[in-house]
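*Asks:* Using my numbering, read the sequence shown as starting at -2 and increasing by one per residue.
Cβ atoms here follow ideal geometry from the backbone N, Cα and C, with glycine treated the same way.
My questions all concern the structure below.
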Amino acid sequence: MESAKPSAPFPSSALQKVAAEAAARQRKETTQTEPHRRQLPLKVGTRASPLALVQTRAFLTVLTRFCPVLRDMGAFQEHQISTTGDQVLNRKLAEIGGKGLFAKEIHEALLDGRIDFAVHSLKDLETTLPPGLVLACTLKREDARDVLILGPGCGEPDPADPYAVLPQGALVGCASVRRQAQMLHVRPDLKFGLLRGNVQTRLDKLAARQCDATLLAYAGLRRLGMEDRADVILDPTIMVPAAGQGIVGVTVRESDVELRELLSAIEDYEARAVATAERALLAELDGSCRTPIGGYARLIPVVAGGAPELHLTGLVAREDGSFLLKRSISGAPSDAARLGRDLGRSLRADSPADIFAESA
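Encoded structure:
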């Protein structure tokens, strides 16, 4: 879907300043630069996984499209940062501190000035950022759906009943309680085992028959050029995606007004609107990695050529699938944050208290 509103025009003042500093560096005149001027190259922080690197390089491609001289002068430098979430793969995220562990070390590097930007998969970014950091930019959303990857013991996919492809009692390798809860709600016979790591690691474990099937985000497969590995693509009405799934977000220091202005040029209006709604829903529910929560928003044209309407679906469940509540709300994209909060309150009010007590 095309963005409902074009990105803002590129801020020439910020662009000219960055380009001028790049030129000064190339001419080896940095010793004459005033103390307050920014040191180049600008450092871009990212996780070291193949998918994270693809996303970071795509971000830089979009950014330098507006000014090729920045690319040609090497104005940006990639910094790979190993996070706790990447290092500890034999335990659930909830047991070691939650999804923020995919960003903790990156946040620290940004706050102490070792990097200037940080590129994240938005679904891995906590809803409340550390003081001094802001989400400055969201890029156009990739396909937000989840997919099933099947092992050799599974049947032929049936679009009308996507989970029927799994044999009775099949073992599904999975690290997401959101995915697990939604599948168990429909197929309580399924078994789940912890499967974490990057995309290729999970596929290798499936090939080694450590499980009968696994689930991945379709966006990641598409970005890696591996979309053909998706055996069953799950419609959001069947498997509600994670809040922010398929969106790349860029964080910077709140005080860095110049870079925030620069990044506003490549902000995708639709991605910002749906991300705002989904993250507001998540914040209102205050869920942790122990709480199965889904959130998926999209912009829908009410009439051809007319203003779009934001449609948000939210889900809360028990990890074992014994309870699942799904609701939707619609409204103007400008009300995205309010819509997320309102839907979150509604879901919380009608969900058993123990679901949220477990995440405390």
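By DSSP, does G337 sit in helix, in strand, or in coil?
*Replies:* The answer is helix: DSSP assigns G337 an H, G or I state.
*Asks:* Figure out for me which residue from A333, E139, D351 and A240 has the closest Cα to the Cα of G222.
*Replies:* Among A333, E139, D351 and A240, the Cα nearest to that of G222 belongs to E139.
*Asks:* Looking only at its own chain, which residues have a Cβ that is under 6 Å from the Cβ of L256, when we skip the five neighbours before and after it?
*Replies:* V249, listed in sequence order.
*Asks:* For my contact list, D317 and L181 are in at a C-beta cut-off of 8 Å; report their separation, rounded to the angstrom.
*Replies:* Yes, they are in contact, since the Cβ atoms of D317 and L181 sit about 6 Å apart, within 8 Å.
*Asks:* Who pairs with C134 in a beta bridge, going by DSSP?
*Replies:* Note: C134 sits in a beta bridge opposite V247.
*Asks:* So which of R226, R315, H76 and Q177 has the shortest CA-CA distance to G148?
*Replies:* For G148, the nearest C-alpha among the options comes from R226.
*Asks:* Sort F63, R54 and G194 by Cα distance to A74 and report the nearest one.
*Replies:* Note on residue identity: the sequence assigns Gln, not Ala, to residue 74. It is R54.
*Asks:* Beta-carbon separation of R276 and G311 under 8 Å?
*Replies:* No. Outside cutoff.
*Asks:* Would you list the one or two residues that DSSP bridges to A294?
*Replies:* Paired residues: L309.
*Asks:* Going by beta carbon distance, what residues of the same chain come within less than 7 Å of S343, once the five residues before and after it are set aside?
*Replies:* Hits under 7 Å: R324.
*Asks:* Between the Cα of E153 and the Cα atoms of I146, L145 and V162, which residue gives the shortest distance?
*Replies:* The shortest C-alpha separation from E153 is found at V162.
*Asks:* Check whether the stretch 208 to 218 touches the stretch 167 to 187, counting contact only when three or more Cβ pairs, one atom from each stretch, lie closer than 8 Å.
*Replies:* Contact between the stretch 208 to 218 and the stretch 167 to 187 is present, because at least three Cβ pairs lie under 8 Å.
*Asks:* Can L322 and D347 be called in contact, C-beta distance under 8 Å?
*Replies:* In this structure, D347 lies closer than 8 Å to L322 by Cβ.
*Asks:* For the ligand COA, is there any heavy atom lying closer than 7 Å to the beta carbon of A272?
*Replies:* No copy of the ligand COA appears in this structure; indeed no ligand is present at all.
*Asks:* So D201 is in the alpha helix (DSSP H); what residue range does that whole segment cover?
*Replies:* Counting along the chain, the alpha helix (DSSP H) containing D201 begins and ends at V196 to A204.
*Asks:* Roughly how many whole angstroms lie between the Cα atoms of R315 and C151?
*Replies:* If I take the Cα positions, the gap works out to 26 Å.
*Asks:* Rank R335, G129 and R269 by C-alpha distance to the C-alpha of L119 and give the top, closest one.
*Replies:* The option with the nearest alpha carbon to L119 is R269.
*Asks:* Just to confirm the assignment, what range does the alpha helix (DSSP H) spanning I352 have?
*Replies:* Segment A350 to A354, the alpha helix (DSSP H) holding I352.
*Asks:* Cα separation between P298 and G337?
*Replies:* So the alpha carbons of these two residues sit roughly 19 Å apart.
*Asks:* If you run the structure through DSSP and keep just helix, strand and coil, what is A346?
*Replies:* Correct three-state label for A346: helix.
*Asks:* What residues in its chain sit with their C-beta under 8 Å from that of R184, if we drop five residues either side in the sequence?
*Replies:* Same-chain partners within the cutoff: Y160 and L163.
*Asks:* Roughly how many angstroms lie between the CA atoms of C134 and L108, to the nearest whole one?
*Replies:* About 17 Å.
*Asks:* Terminal residues of the continuous alpha helix (DSSP H) containing A49?
*Replies:* A49 -> alpha helix (DSSP H) spans P47 to R62.
*Asks:* Do you know offhand how far L126's Cα is from E105's?
*Replies:* The straight-line gap from Cα to Cα measures roughly 11 Å.
*Asks:* Go through the stretch 117 to 190 residue by residue and report every complete run of the alpha helix (DSSP H) that reaches 4 residues or more, in order.
*Replies:* Those alpha helix (DSSP H) runs which fall completely within the stretch 117 to 190 and span 4+ residues are 174 to 183.
*Asks:* Distance check for P65 and P233, CA to CA, integer angstroms please.
*Replies:* Approximately 38 Å between the Cα atoms of the pair.
*Asks:* On the three-state DSSP scale, how would you describe L107?
*Replies:* Three-state DSSP puts L107 in a helix.
*Asks:* Straight-line CA distance for T30 to L39?
*Replies:* Any answer about T30 is weak, because its pLDDT of 38 lies below 50 and its placement is not dependable; what the coordinates show is given next. Each residue's Cα considered, the two are about 16 Å apart.
*Asks:* Thinking C-beta only, is H76 closer than 8 Å to G110?
*Replies:* Not closer than 8 Å, so no.
*Asks:* So, using beta-carbon positions, are G217 and L48 closer together than 8 Å?
*Replies:* Yes, Cβ-Cβ distance for G217 and L48 is below 8 Å.
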